[in-house]
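One structure below.
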Amino acid sequence: MALPAQTKGHYSVWVSRPGHRATPERYSVDGEKLIVFGDERLADLQDGDRVSATINDLHSGPPLVTFPVTVHELASDEVGLGVFGDVVGHRQLTTTYEQAKATRRLLALQS
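Each residue of the sequence shown is one higher than the one before, counting from 0 in numbering that gives the first Met the number 0.
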């Protein structure tokens, strides 16, 4: 299923799941998937979990669209360096991109 058009012009998605507060995550669009880090606030998500994704107008503005997604855990070689760099965004790395990519857990959120 195609991602909503609103995902193409934003950088943060709010991920909601039962029993947890919604968390904002920086993402990159890779085809029909949102790529996010999965080793911090989303560390308890497992491959195949179903969650809700919300794109807001600005970081915490009004919601533009909410849609269900399935979580898929990715191997580091499944994500290009450009997509990884987009997920990193403005955060300063303490290692090279290649080292960081090899050590960070990456998730795909797919409609």
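Each residue gets a CB set at the ideal place from its N, CA and C atoms; glycine is no exception. From a predicted model like this one, the values you see are computed outputs, not experimental measurements.
Just confirm the distance between the C-beta atoms of Phe66 and Pro17, as a whole number of angstroms; I'd bet it's less than 8 Å. No, Phe66 and Pro17 are not in contact; Cβ-Cβ is about 17 Å, not under 8 Å.
Enumerated in chain order, which unbroken segments of the beta strand (DSSP E) with a length of 3 residues or greater are wholly contained in the stretch 34 to 92? The stretch 34 to 92 contains these whole beta strand (DSSP E) runs: 49 to 55 and 62 to 73.
With Gln5 as the anchor, note down where its beta strand (DSSP E) starts and where it stops. Neither: Gln5 is in no beta strand (DSSP E) and is coded neither H nor E.
In or out: Ala107 buried (at least 16 other Cβ within 10 Å) or exposed? buried
Would the stretch 82 to 102 and the stretch 26 to 46 be scored as touching if the rule is three or more Cβ pairs under 8 Å? yes
Identify the continuous alpha helix (DSSP H) that holds Thr102 and give its terminal residues. Tyr96 to Thr102
Quick check on the burial criterion: 16 or more other C-beta atoms within 10 angstroms. Buried or exposed for Leu57? exposed
In terms of DSSP beta bridges, what is Ala107 paired with? Ile34 and His71
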